[in-house]
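Some notes on the structure that comes next.
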Amino acid sequence: MSVSVIICAAGKGTRAGFSNNKILALYEGIPVIERTISAFLLPEITQLIVAYNKEDEAEMLALKKKYPIELVEGGAVRTQTVYNALQAATGEIVLVHDGARPFVSTREILDCIACVRAHDSAICAVPVVNTQAQVIGEEIVAVPSRAECYDVLTPQGFYTKALLKCYEKALRGQKSYTDDGSVYAEFCGKPHIFVGSRANRKLTYAEDFQPHPHRAGFGVDTHAFGKEQNFITLCGVQVPSESGLIAHSDGDVAVHALMDALLSAAGKKDIGHYFPDTDEKWRGANSMSMLAEVLRILKEDGLSPASVSVAIQAEKPRLAKYIAAMQQSLSTALSLSSDKIGISAGTNEKLGYVGEGKGITVYAYVLLKQTQ
Ligand code: MG
């Protein structure tokens, strides 16, 4: 079954406050419209129509040289734009998509087509997070059940002939419509939804175009064996050992490397600055409580760990049995799901101080995300 796609790019994107159409703006170095077009370059799509604004003609003609698209000039309002493009659509099915939603996934596109086949219409939607209220003036007049509310996204799919008929009727009226589902609902029937992804967001305001940069940090720590103790502590987990690690604190060499990586990623001074070994406060301290303090320092800057990787070098004791417990311990401490925490352990092939069993070295690498 042939499928046409209409990418609506005829707006001006005035809310982003750019001098030209926001869909021509760069997101991580690539124009938004190119990202959106690329998402639809799939074998299932037979025709790709971009409905554009006359003011952007030069850029659109350049795009046409680069991608297998057809250009249709949009109208003054969205209804006219989609109608113009529908007249050029040759597919039995048509998907209409906002040019400013470049993160649409292949799964959403294929689900949209499948939903049209099964139910005649397909509206990409995600359950709302917040309670919704209908407001008239400054008063709430209705609060619909949150369980029944969805955010409506695109793509939205229909049989082309059916949608064209709806649009012919819609154009005769004066009413304006913000999406195709509303047009279909008014003139044809109840549109069917399929659940999309929250990642399929619309770039509307200037700040939406700022990617969330991850900040990387690296940390290393080494401690020597020699403390009279029958265990060592790694990532908050006690591991039986013929000797303990010498340290001012509890000697959790893995957590120390991790703390340095976290502080480094945030552009802070190292753990020696925050937890000096001249300070009696930290004598024998539980490194997990020091880690909590590091997380608090990061939180002041709106930062938190996004992923963590810890590599332990130890000739002894054998650590394989304890890795899962370490991962769980860090997961709890960092409020991070365990699939974002990697821990590996290896020997040093009897080479150097690690190989001779004199001490343990741990390397840690982290990515931070900006949460505020
Ligand atoms: Mg240390």
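Note that the numbering used here gives residue 8 to position 8 of the sequence shown, counting from 1, and the numbers run on in steps of one. Note that the Cβ used here is the ideal one computed from N, Cα and C, for glycine as well.
> Taking the alpha helix (DSSP H) that Gln-229 falls in, what are its first and last residues?
Replying inline: Your numbering for residue 229 matches position 229 in the sequence shown. Premise fails: Gln-229 is in no alpha helix (DSSP H) and is neither H nor E.
> Around ligand 1, which residues pass a check of Cβ closer than 5 Å to any of its heavy atoms?
Replying inline: Result (chain order): Asp-221 and His-256.
>> Can you find the residues in the same chain that come closer than 7 Å, C-beta to C-beta, to Asp-301, ignoring five residues on each side of it along the sequence?
In response: For the purposes of this step, residue 301 is taken as the residue at position 301 of the sequence shown. Ala-266, listed in sequence order.
> Gly-196: which of Ile-109, Gln-370 and Glu-242 sits nearest, CA to CA?
Replying inline: As a first step, residue 196 is located in the sequence shown; it is residue number 196 there, counting from the start. Among Ile-109, Gln-370 and Glu-242, the Cα nearest to that of Gly-196 is on Ile-109.
> What is the DSSP secondary structure of His-248, counted as helix, strand or coil?
Replying inline: To locate residue 248, count along the sequence shown from 1; it is residue 248. Shown here, His-248 sits in coil according to DSSP, grouped into three states, outside any helix or strand.
>> Could you tell me which whole alpha helix (DSSP H) segments of length 4 or greater appear in the segment 106-179?
In response: 106-119 and 160-172
>> Could you pull the DSSP bridge partners for Leu-334 from this structure?
In response: Residue 334 sits at position 334 when you count from the first residue of the sequence shown. Partner(s): none; Leu-334 has no beta bridge.
> Counting Cβ pairs, one atom from each stretch, are 3 or more of them under 8 Å apart for the segment 117-130 and the segment 193-209?
Replying inline: yes
> So, helix, strand or coil for Val-104, using DSSP?
Replying inline: Here residue 104 corresponds to residue number 104 of the sequence shown, with the count starting at 1. Of the three classes helix, strand and coil, the one that applies to Val-104 here is coil, per DSSP.
>> I need the boundaries of the alpha helix (DSSP H) containing Gly-272, first residue and last residue.
In response: The residue you call residue 272 lines up with position 272 of the sequence shown. From DSSP, the alpha helix (DSSP H) with Gly-272 extends over 271-274.
> For Phe-209, which three-state DSSP category applies?
Replying inline: Numbered from 1 along the sequence shown, position 209 holds the residue referred to as residue 209. Three-state DSSP puts Phe-209 in a helix.
> Among Arg-101, Gly-226, Gln-80 and Lys-65, which residue has its Cα nearest to the Cα of Thr-154?
Replying inline: Looking up residue 154 in the sequence shown gives position 154. Closest option to Thr-154, Cα to Cα, is Arg-101.
>> Checking 8 Å against the spacing of the C-beta atoms, do Ser-331 and Met-290 come in under that value?
In response: Position 331 of the sequence shown, counted from the first residue, corresponds to residue 331. Position 290 of the sequence shown, counted from the first residue, corresponds to residue 290. Contact flag unset, no.
> For Thr-81, is the classification buried or exposed, using 16 other Cβ atoms within 10 angstroms of its Cβ as the cut-off for buried?
Replying inline: To locate residue 81, count along the sequence shown from 1; it is residue 81. Thr-81 comes out buried.
> Considering only residues of the same chain and omitting the five flanking positions on each side of Ser-329, which have a CB-CB separation below 7 Å?
Replying inline: For the purposes of this step, residue 329 is taken as residue 329 along the sequence shown, with counting starting at 1. Hits under 7 Å: Cys-235, Gly-236 and Val-237.
> Straight-line CA distance for Ala-89 to Arg-172?
Replying inline: In the sequence shown, residue 89 corresponds to position 89, counting from 1. In the sequence shown, residue 172 corresponds to position 172, counting from 1. Taking the straight line from one Cα to the other gives about 21 Å.
>> Tell me the rounded alpha-carbon separation between Thr-160 and Ser-182.
In response: Here residue 160 is taken as the residue at index 160 of the sequence shown, counted from 1. Here residue 182 is taken as the residue at index 182 of the sequence shown, counted from 1. Distance from the CA of Thr-160 to the CA of Ser-182, rounded to the nearest whole angstrom, comes to 16 Å.
>> Could you tell me the alpha carbon to alpha carbon distance between Phe-209 and Tyr-27, rounded to whole angstroms?
In response: Here residue 209 refers to the residue found at position 209 of the sequence shown. Here residue 27 refers to the residue found at position 27 of the sequence shown. C-alpha separation (whole angstroms): 6 Å.
> Sorted by chain position, which residues of the same chain lie with C-beta nearer than 6 Å to Gln-132's C-beta, five sequence neighbours on each side aside?
Replying inline: If you number the sequence shown from 1, residue 132 lands on position 132. For Gln-132, same chain residues with a beta-carbon under 6 Å away, outside a window of 5 residues either side, are Pro-144 and Cys-149 in chain order.
> Expressed to the nearest angstrom, what Euclidean distance is found between the alpha-carbon atoms of Ser-243 and Gln-229?
Replying inline: The count along the sequence shown starts at 1 and reaches residue 243 at position 243. The count along the sequence shown starts at 1 and reaches residue 229 at position 229. If I take the Cα positions, the gap works out to 5 Å.
>> Suppose contacts are defined by Cβ-Cβ distances below 8 Å. Is Ile-360 in contact with Gln-313 by that definition?
In response: Translated into the one-based positions of the sequence shown, residue 360 becomes position 360. Translated into the one-based positions of the sequence shown, residue 313 becomes position 313. Yes. Within cutoff.
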